Each structure stands twice: as C-alpha cells, then as structure tokens.
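K.L.:
Protein chains: 2
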Amino acid sequence: MLNAHQQQILRLLIASHGMSRTVLAEKMKLSKAAISTLVKEMLQAGLLEESIPESSGQGRPSVLLKMRADSAYFLGASLLGERVILVLIDMHGRTLAATQMPLNLDPPQLAKTIAAAIPDLIAQKSITQDQLIGLGVTLSGFVDENQAICVQSALLGWKNVPLAELLKQQTGLEVSLENDAKALAVSEKIFGVAKKARNFTLISHGDGIGSAHFFQGQLHRGAHGAAGEIAHCTIEPGGRPCRCGKRGCLDTLASLTAIRESVRDKALESESIAELEALAVKGNSAAIAILHQAGHALGLSIANIIQMNDPELIVIAHQPDAFDGLLKTVVMQAIDSHVLPSIIGKTPIASMVINEESWARAAASVAAYRFIIHLPD
Amino acid sequence: MLNAHQQQILRLLIASHGMSRTVLAEKMKLSKAAISTLVKEMLQAGLLEESIPESSGQGRPSVLLKMRADSAYFLGASLLGERVILVLIDMHGRTLAATQMPLNLDPPQLAKTIAAAIPDLIAQKSITQDQLIGLGVTLSGFVDENQAICVQSALLGWKNVPLAELLKQQTGLEVSLENDAKALAVSEKIFGVAKKARNFTLISHGDGIGSAHFFQGQLHRGAHGAAGEIAHCTIEPGGRPCRCGKRGCLDTLASLTAIRESVRDKALESESIAELEALAVKGNSAAIAILHQAGHALGLSIANIIQMNDPELIVIAHQPDAFDGLLKTVVMQAIDSHVLPSIIGKTPIASMVINEESWARAAASVAAYRFIIHLPD
C-alpha cells in the first residue's frame, strides 16, 4: 500500500502534465534522494512511467514522471437516463469500453444487473477483475457523506437505499455513490479543464440544473450533502411552481425542461433548443423572449456564485447543441452585468458538452478520485 | 520555532476546550510517547498549561492541555470608524487594553500614529515588545492574497496601499491586513461560536453588509479576494441604484444605511432601528413594510448561501439593538421559505452583537490566526 508521501506524489502528478523528481522534491520539501526512493517503488509497482521531453536546447532535459494509463482501471455507472450506462476508464480518464442495460428501480436487482455486465465489459480490453480498483455510481439526488447510501432521489423514487453495499456484495469492488453534478466536477478536476483549479464551480445545464464546488482542492459536499443546490435558488419570487414545492426557482426559468414548457406555452414549433435558436435568429420575438428569460436567470445565478465564492473558474456543462447562440450570449451578458464592476471579466467561464456517456465516465472518475485523494491507509 | 506536529497541536487545542495527551495521540496518529516529548517542549516554552478537570468519579481524570492565555499577545487595529481603535488581546482572545486615535488617511502618517500608541497600550498590562507576536489591521475593502496591500477601499479612498510594510517598518511587528467580514469570521473561528465548524459563513449586518466563509477549516478569500461579496448580489432587478454602480443589490434593500434611507423617504420619526421596531410594534404600516423588505432580502440571500454552499453554521453579526423583533423574525422566515424543503431548519443560525471594539479584536485575531494556522517555518 502507498504511504502518505506516495499519495501526495499521485496528487501532484494528476494535477500536472508530468513532473520531474527535482520539482517533486521542491514541492514536497523532501530531499531528491528521498523522492527517488519513493518514486522507485511506484515505478516498480507499475503506477508511474518516465517520459523524456524533447530537448529545449538548454542542457539535458529532466525526465518527467507521469501516472501510467494502465496503472489502474475504474468502472462507472450512470443511473441518470432511461438505461444504465456502464463504462470502463483507465488512469488517464479515457473511456475504454461501454455498455448499456435496463434501469431496474429495485436496488438489489439493479446491483445484480450491473454486476453481471462487468465480466464482458472488461474482457473486451483484456482487463482482469484484480486490475479494477473501484466502481462509481452517479445519480440525481442526495448521497450520504460516506457515499454509501442514496438518501433521497426523486428521479429514482429512492429513500435511504444502501446501494454501495448491495453493489459491493455483487461485484466485490469498492463502490462510491455521488450526485450527478458533483461527479462531473470530480471528473473535470482530475481529468479535465479544472485540473489546476483549487477552487472552482461546475454548473450542469440540462433537464434540471445542478452545480458543485471544489474548495481548497477538495470536493465540497456540504453539511447535509446539499451544497450546489443552485437549481432551487429563488430567482423570481412568486413565479412558476417548482417540483421542490417552492416558486420561481432557477430550475423553473432556465432548465431545458422550463424552456420546453415555455415553448409549449407559446405554441412555438420547435423540437429542440437548436430549433428555438434558429427561430430567434429569424427574429421570432417569442423565441427571443424565452431564451432571454432563461439566459438571464442562469447568468444571474452564476453571478451570485462568483460574488459569494469568487472561484478561480466556472465550468458550464451542457447538452449538445443546447448552449450556443442567444442563450449563451445572454448568460455571459447577465454574468457581467450582475457581478461587481471591479471583478467583471476576471472569472474564466469554460463550457463543455456532455452526453449520456459523460455521466458514466464521471461516475468512474469518482472511484478514481477516491483512489487518488483518499487512498485508504 | 515550532515543528509541524507542534503547530498541529496548537490547531487542535484552539478548536477544543482542552485535550489530553491520549486524545492528541489518537487524533494525530502518533504514539503517546511522541506526543509527550512534543508537549514537554511547548510547556517549557510557556505556550501550554495543564489543567486537571474535576473527577467524574470514574478513575483518575486525565490532565488536559490548554493554550496559555499569556503565551502570546496580539494587537489589532480597526480602520472602520471615524477613529482608529487599537486593542491588545491574549492567546484566549480576551481584550486586555484598548485605545483610540485619529484616523489619518495618509498611510505613512497613519502607520506612525499607530506605532506611537503601542508602547503605552502594552505598558498598561506590563507586556513588553518582545511578547507581541503580530499586528492585524481590518478595513472595508479588498486586500491582496498576502494580506500586505489594501488593493481597494472606497471608505478609505485607497488603491494599492502597502500598509503592512509601512506598519512593519514603524512597529517591527509582523502585520496582516484583512477585510472586515473576513476578520470577524477568523475571530469567531478561533475564539468564538464557530470554533468547531470547518465550513461556516459569517454575515455582518451594519451600514453595509459583508460575509465571509470558512471552507475545509480555512478562511476562503477567493480568487480575487472578493469571496463573500453578498452585499452586491442582485435581489431586486432594476431596483435602487447602489454605490457599486449596479441596481437592486442586497445592500440597497437590507443594510442599516438602506433602512435609514427608507425611513427618511417615508418621513418616519425614528432615529434608530430600535425606534423603528417600536413603531412596528405599535402597528405603523410604513415601519412594518420597511422591516419586511429588509428582512426578506437578507433572508433570501442567506437562503441562497445555504443552498449553494450548505454550511454547518451561519453566524449573523449585527449592531447592538439592530437585529431584534420584526427584522429578525422576517429574516428567519425568509430563510425557511427559500431553502429546499428537505433541508429547512437544518442549518443552525447564530447571532452576535458587534460594536466598534469587536472589529479591532477581530483584527488582532487575524494576527493570532496567522500565528496558529500559518505559523512560519
């Protein structure tokens, strides 16, 4: 098992594009000899590899250490769609194989179905059970602090379901549950655009709206697992009723569901956001109004996050072809017009497309995060 | 100088009401012998003291270790009022002596004035210059990440003022600057109601509204020092113009300044919030409406913080006699009616009275925090 220093080496390497022994020694305030000994064990264990960057022409280039892609494998299951999507990823976050199966809402049955799909999935890449480190599961709802129990999920109709234990019994793997937006934030932190950010917020924009924060380099789950519940911030007091029981929540104004409802209310002929954007380009005032309302609400909420938490980075994760054109323009304008003038334009806003498989990969990254950040003693 | 383990001992003791060697050994995963050696040095250095709790009747009570009140002294200066307030505190956060002086807005002159007041202040308690560890300064505005430069302060009319260096030259002390709400949060974290909270938010309600967060046990300053700028979250789009250049900010609805403006607009005879509350009790509808508007806006903002960050604790710091009666009732109701039904009532809300001296003590606590949490190598 790795010691605390070796865990720190993994954390430093995952946040970089490779690091020399000299830089590791500086960052960890250890001697280069001590680092060499620690690294040697990790090379022998197959966790790390060395790479020699092209010479910059100034003396001998130093050897960079990187995590080996094949040093560990993780599984991820998404319970967000109509079918379960199960993927296999490597230590670099690449999806190696994927499969689908029916979403059985009975937890023991679901655990059996997922477990039964694993041998074929990993065999596709000639990976054996003992090379698997863990399984992550992502769902819509609250998860307990040990990431073992789904405390509540309206989408799945679950309350206090000990899914991690059921899956562990069936698969023999360590299992971690995570809320969808939090899983996606973890994925971007360890494999994506937020690698180097210690404090950032990810917003997921889809049928519902979610968000998740990293603070001080750690996922912030909140005192009741509810951190990031941006969807239910009141934007329009007394507005449309929300499924949460309140009115005028961000979700009722800016989610894809809300936009589709507005399209129906206005009897517009538009089957998708892309079509709605096309109508807006043609000057259709109803389409423009709908996109304005949604964009303004979402931008205002993001501005609130910026003012409250002043993150290094905001990542907006959105559906394919559903965050371009007017919607995106209005969101960006609303952010700028609602943050303090002295910090306008200082917070980078990144956007990324997500699809069904993204959630399963995010789930797998939760297992990877647990391995890297919270390696067991 | 203390080593890393001894720093950790200080951090554990400051968050407790005393701890035995056995408990320290458990928490730090060190042997009891190792802890005893570390503690022995700290006892000899006068940092710690032992106390014997009254026997609970079950065997020999273990000796508790505590930080000695006289192990270190700190100074704090508040630049928030019309005069500078300078205080001396001990390691338990008690204010031992205080003095006042004119607030000279010329930074070099200000540094000289503050430095000149120190000898008399500490002599009152027979404390010598070499027993002083540091000086904290609190101000309204942004401070750079090294807590050395006041980047911007509208109240002081400053931009990029290197006050820490000026004060260091004049006093010979380590100097840390901090924004007012952040300083108060630090004070509550190390000496007050938030001792045991790793994630909490403090709201300061006065002429302006401020807030500050602790995440993962650390003060969260934000990527641009702007974290906590709750005052400029838009609550009423298109509402009253705010001094920040936007409209409808929380400050324009709920600050004491905003309440006083509303009182003038309605030509009410009320010189203070206490008098306004008294009018409301008598059924004056204008007074009731003003308190409702302010309380609703503040409660909505706090609800947004709860939903976005899900802190363990919210602390509302307010002026004497300015957060009771209807205002407080409406704030509490607005919090409950705007957070997700599943987490209603789960976030403890503490309130505390602040006066002019509180800010100077908070400034001193910033110096103490730096000593305890970020002890120099």
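Residue numbers (this note's numbering), protein chains in the order written: chain V, 94 to 470; chain G, 94 to 470. Note that CB positions come from ideal geometry on N, CA and C, so glycine has one too. Here the structure is a predicted model, which means the values were calculated and not measured.
#1: Tell me which residues of the region 419-451 of chain V have at least one Cβ-Cβ distance to chain G shorter than 9 Å, keeping chain order.
#2: Give the C-beta separation of A379/G and L361/G to the nearest angstrom, bearing in mind that I take them to be a contact with Cβ-Cβ under 8 Å.
#3: Against chain C, with Cβ distances strictly below 9 Å, would P334/V count as a contact?
#4: Note down, in chain order, all residues in the region 391-404 of chain V with a beta-carbon under 7 Å from any beta-carbon belonging to chain G.
#5: Interface residues of chain G around N272/V at Cβ under 9 Å?
#6: If I measure Cβ to Cβ from K439/G and keep anything under 6 Å in the same chain, skipping five residues before and after, which residues do I get?
#7: Taking 8 Å as the limit between beta carbons, can you name the residues of its chain near K261/V, skipping five residues before and five after?
#8: Per DSSP, which residues does C342/V bridge with? Please list them.
#9: Using DSSP's beta-bridge definition, name the partner residues of E281/V.
#10: Quick one, which residues of the region 266-295 of chain V are near chain G if we go by CB-CB under 7 Å, in chain order?
#11: From A190/G to I145/G, what distance separates their C-alpha atoms?
#12: Nearest CA to the CA of G227/V: which residue from A351/V, A165/V, I302/V, V132/V?
#13: State the Cα-Cα distance for the pair V286/V and G169/G, rounded to the nearest angstrom.
#14: Ends of the beta strand (DSSP E) at L181/G?
#15: Going along the region 302-319 of chain V in order, which residues come within less than 9 Å of chain G, judged by CB to CB distance?
#16: With C-beta atoms as the reference, is A427/V less than 9 Å away from I395/V?
#17: Out of curiosity, what's the CA-to-CA distance linking H431/G and S451/V?
#18: Pop quiz: F534/V and A410/V are said to be a contact at Cβ under 8 Å. What is the actual Cβ separation, rounded to whole angstroms?
#19: Tell me which residue opens and which closes the alpha helix (DSSP H) that D272/V is part of.
#20: Do you know whose CA, among G321/G, F293/G, A320/G, D344/G, lies nearest E329/G's CA?
#21: With a CB to CB cut of under 8 Å and the five nearest residues on each side skipped, what residues in its chain are close to E238/G?
#22: Can you check whether the CB of V132/G is closer than 9 Å to the CB of P200/G?
#23: Quick one: Cα of A138/G to Cα of L406/V, how far?
#24: Closest to T264/G by C-alpha separation, out of S171/G, F284/G, T206/G, would be which residue?
#25: By how many angstroms is the C-alpha of P212/V removed from the C-alpha of D403/V?
#26: Rounded to whole angstroms, how far is the Cβ of I302/V from the Cβ of I323/V, which I believe are closer than 8 Å?
#27: For the region 367-393 of chain V, list the alpha helix (DSSP H) runs that are entirely contained and at least 4 residues long, ordered along the chain.
#28: Touch check for the region 177-187 of chain V and the region 214-231 of chain V: three-plus C-beta pairs under 8 Å?
#29: Using beta carbons (cut-off 9 Å, strictly below), is Q245/G in contact with chain V?
#30: Leaving out five residues on either side along the sequence, give the residues of the same chain with a beta carbon under 6 Å from the beta carbon of F235/V.
#31: Would Q240/V and R463/V be called neighbours here (beta carbons separated by less than 9 Å)?
#32: Please give me, in chain order, every unbroken run of the alpha helix (DSSP H) with length at least 4 that falls completely inside the region 97-149 of chain V.
#33: Across which residues does DSSP place F235/V in a beta bridge pair?
#34: Mapping DSSP to helix, strand and coil, what is G418/V?
#35: How far does the beta strand (DSSP E) with V254/V in it reach, from first residue to last?
#36: Which residue from S233/V, V230/V, A208/V puts its Cα closest to that of Q222/V?
P.N.:
The relevant details are as follows:
#1: The region 419-451 of chain V vs chain G, Cβ under 9 Å: S430, H431, V432, L433, P434, S435, I436, K439, T440.
#2: 6 Å
#3: Among the chains of the structure shown, chain C does not appear; the protein chains present are V and G.
#4: Against chain G - using a Cβ distance shorter than 7 Å - the residues of the region 391-404 of chain V are L393, N397, I398, Q400, M401, N402, D403, P404.
#5: By Cβ distance, chain G contributes nothing, its closest Cβ being about 12 Å from N272/V, past 9 Å.
#6: none
#7: Excluding its 5 nearest sequence neighbours in each direction, K261/V has C-beta neighbours in its own chain below 8 Å: E267, V268, listed in chain order.
#8: C342/V is bridged by DSSP to T327/V.
#9: DSSP lists no partner for E281/V.
#10: For the region 266-295 of chain V, which is checked against every Cβ of chain G, the residues closer than 7 Å are N292.
#11: 30 Å
#12: A165/V
#13: 41 Å
#14: 176-183
#15: S304, H306, F308, Q309, G310, Q311, H313, R314, G315, A316, H317, G318, A319
#16: yes
#17: Straight-line spacing of the CA atoms in H431/G and S451/V works out to 32 Å.
#18: Nothing about residue 534/V can be read from this structure; chain V reaches only from 94 to 470.
#19: In the sequence on display, residue 272/V carries Asn and not Asp. Note, N272/V: premise wrong, no alpha helix (DSSP H); beta strand (DSSP E) at 267-272.
#20: D344/G
#21: R314, G318
#22: no
#23: 44 Å
#24: T206/G
#25: 45 Å
#26: 6 Å
#27: none
#28: yes
#29: yes
#30: Taking F235/V as the centre and dropping the five residues before and after it, the same chain places the C-beta of V244, Q245, G318 closer than 6 Å to its C-beta, in chain order.
#31: yes
#32: Whole alpha helix (DSSP H) segments, 4+ residues: 97-107, 114-121, 125-137.
#33: Partner(s): Q245/V.
#34: helix
#35: 251-254
#36: A208/V
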